[in-house]
Amino acid sequence: MRSPLLHTMKGWLALAAVAVVPLLYSGSYLSAFWNPYGHLNDLPLAIVNQDQGYKGHHEGQQLIKSLPKNWHTRILSGSQVKEANNLLKSGKVDMIITIPPNYSRDLLTDKAPSLDYAVDPGTNYLTGILMTREADSITQDVTSQIQTKIAHQEVQAMTLLQHGAIKLHEGTHQLAQHVQGINKGGQALTQAATQLTTASQQLAQGSHALSTGFVKLSQGMHHIATQSDQFSQDMSNVAQHTHQLSTGLMQEQEGLDTFFGQFNQLAQGSTTLASDGTKLSQGTLGLSQVLNQQHALIAKAQRLAEEAPNNPADLSELEAILNQLSASSTQITQLSTTLATQNSQLTQGLNTLASQSQQLSDASHALEQSTATLTQGAASLSTEAAALSQGSHMLSQANQKLSSGSQQLQSSLAQLAHGSVLMNHSLASLGSHLNQYTQAVNQFMSPIPSISHNLSTLAQGLQQTKKPLNWASQPIQTHMTNIGGAGNYGTGLSPYFLALSLWVGALVVTVLVPGGDKKGLRTREWVSLGLAFAQIVILTTGILWLLPLSPRYALTFWGIMTLVGLTWWAIMRLLVEKFGDGGRLFAIVLLVIQLSGSAGTYPIELSPHFFAVIHPYLPMTWAIHVMRYALSGSYSTVLMPDIIRLSLTFLAAWVIMRFVPGRLAFDAPPLAPGESVDDQQHPSSPTSLSL
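Just so you know, we're using this note's numbering here: the sequence shown kicks off at 137 and counts up by one.
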């Protein structure tokens, strides 16, 4: 005879349905968790921005803007901390990122600010693990952005530093050239002073010869005065001119003394000025050498700053170079201060030298006037002496002496006049060299402000460059908080497997107590209900005794296990009583769907859209929520709604099963005619209760 199972459409449908169950299970479960780590950006986050900013900078806002645009984030203000915690406890967000109030201030003052992360492993243990990794990833991204920004600032500072060093080097080169001009002017000034000394010596010799001639002339005049009284009137005139000549000589001597005093001061000032010019030249040479060394260090530091983001090992070497740059900057500042001091001394010496030169010129003019007066007096005296000589033969011998003295006086006066002309020429040459020297000093002074500005820019760039590199290696600190306790893998997955166990247990009961007509419904109902209670008690007691499971709310845990077990019992009795074997198969399909869509393992955001849509409406979702509350205190905000949903599901399934008439049973045909499937498995004894 033909087999009803193999030769009827109903039998083939039953076989096809059973054959599809493994595919349905694998396909549904694997599709739900095929690539969960590839959808981490779909996990909802809450960001509490408490940053108060610092000097117009709001780095907290910049941090939020730097996060990927495809992340599901809720931006909350600093006053919404309580709301953020409620969202986390209810499972509406999987992590809270808190930006502290001093985030901008710490970040901009080279302190490591902290980012506070909060997760609740009680809502989903795997979510807590994923969020911990995500927190590390966010911290690494923020750290990388900060390090990139620091590296960019380092490169800019190095570039600015290099430009400042180049300008400083150029200014120093100009300074060296001007110092050479000052040295040349000093040499010319020394030569002019030497010429002036020679002329002054000649002037002194002429003055000495003039004084000697005057003595001889006075002796001759005295001899003439003693020889004759008849020339008393002429002698009176000669005496008058002689007195004038004596007065002129005294003035000439005073002028010479003043002139030599001013000249000695001028020579001393020239020597001091030449010494200051030599010191200035040496300081400029030292500054140039330090700048050349710093220029090489800046080039090396710029190269290391560009390589630092890719090679953190260069940070220590970069720090050492920055310390050398800081030391050389201090040395440059000291040299610049020394140069400024020497330049001030040089300018003061020039002013003093110019004043002394003017005084020397005035003394020279006075000496020249005295010499002219003396020359005129000597000429008058010579005329009077000649007249006196013609008037008296008796005094010829004395007159000869007087003429000889006058000639010596004329010769000395001529020599004195020549020395005065030479001295005036030397003074003119000295004035010309002083003008050149003053121009060279002015040219020397012109780049000093620019060099000072460049040194200030160089020091500023060095301060910007000298970041604390140990802070740059780890600019962000993290603090992870687990709300509701740390939890573990077993505790985190317990709600999922407990709900699954009760569902499978209720499904197995339908094998022992299958559906049937309404006549034996009450007996089947009570027998299956007793088995369900036995499963609940044994499962709850065994899991608490065999495993280190410690519910946070023990009595609530017992009550929730009872509620879930009764709800699953009511659903199974409804399906098997109204649909027979088809209801049992539908229960398996519903189990497979709920395993994938209830978020018992990975968060539902990591599953395809279909499972995310049906997730809120699955009974196992509600069961997992309330169990997680009993175990860890999570999902407190949805506890009562989920309990109400489970209770209504239990009541609806029981009422429909108990009071709604009708049965659309889809029982599989027997393999052999006249047999049921149970008879084929156990011919000698029934495998189900015939109630």
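We treat Cβ as the ideally placed atom computed from N, Cα and C, and that holds for glycine.
Span of the beta strand (DSSP E) holding residue i?
i: Y173; result: Looking at the DSSP string, Y173 is not in any beta strand (DSSP E), and its letter there is neither H nor E.
i: V791; result: Element bounds for V791: not the beta strand (DSSP E) but the alpha helix (DSSP H), L775 to F795.
What is the C-beta distance between residue i and residue j, in whole angstroms, given that I count them as a contact (C-beta under 8 Å)?
i: T119; j: Y165; result: No information on residue 119 is available, as it lies outside the stretch 137 to 827 that the chain covers here.
i: N185; j: S213; result: 7 Å
i: A182; j: A220; result: 5 Å
i: P767; j: G264; result: It should be noted that the sequence gives Leu, not Pro, for residue 767. The Cβ separation is near 14 Å, so there is no contact.
i: F633; j: A168; result: In fact, because the Cβ distance is near 16 Å, the residues do not count as touching under 8 Å.
i: T703; j: F795; result: No, T703 and F795 are not in contact; Cβ-Cβ is about 18 Å, not under 8 Å.
i: W639; j: A706; result: The Cβ separation is near 12 Å, so there is no contact.
i: Y190; j: L244; result: 5 Å
Measuring CB to CB, does residue i end up less than 8 Å from residue j?
i: I672; j: G701; result: yes
i: G666; j: V712; result: no
i: H194; j: S240; result: yes
i: L782; j: P752; result: no
i: H208; j: L742; result: no
i: S250; j: T614; result: yes
i: P611; j: Q188; result: no
i: G723; j: M708; result: For clarity, residue 723 is Ala in the given sequence; the question names Gly instead. Result yes, Cβ atoms of A723 and M708 sit closer than 8 Å.
i: D256; j: I696; result: no
i: P204; j: Y738; result: no
i: I760; j: A642; result: no
i: L726; j: M793; result: no
i: L699; j: I779; result: yes
i: Y161; j: V728; result: yes
i: L800; j: F715; result: yes
i: N222; j: T773; result: yes
i: L850; j: Q470; result: There is no way to answer for residue 850, as the model of the chain reaches only from 137 to 827.
i: P631; j: M763; result: yes
i: V278; j: L199; result: yes
i: R688; j: G798; result: no
i: T676; j: W662; result: no
i: L685; j: A153; result: no
i: G678; j: F802; result: no
i: Q292; j: S202; result: no
Kindly indicate the opening and closing residues of the alpha helix (DSSP H) around residue i.
i: T617; result: First-last for T617: Q613 to N618, but that is the beta strand (DSSP E), not the alpha helix (DSSP H).
i: D653; result: Taken as a continuous stretch (DSSP letters only), D653 belongs to no alpha helix (DSSP H), as it is neither H nor E.
i: G678; result: L657 to L682
i: S240; result: Y239 to L244
i: T703; result: A690 to F715
i: H751; result: Counting along the chain, H751 falls outside any alpha helix (DSSP H), and DSSP gives it neither H nor E.
i: L224; result: V217 to K225
Can you tell me which residues form a DSSP beta bridge with residue i?
i: Y253; result: I233 and M616
i: G182; result: The amino acid occupying residue 182 in the given sequence is Ala; Gly does not appear at that position. Per DSSP, R210 and I232.
i: H193; result: Y190
| Between the segment 263 to 282 and the segment 224 to 235, do three or more beta carbon pairs fall short of 8 Å? | yes
| request: Indicate whether the contact test is met: 3 or more Cβ pairs, each with one atom in the segment 732 to 746 and one in the segment 653 to 667, closer than 8 Å. | output: no
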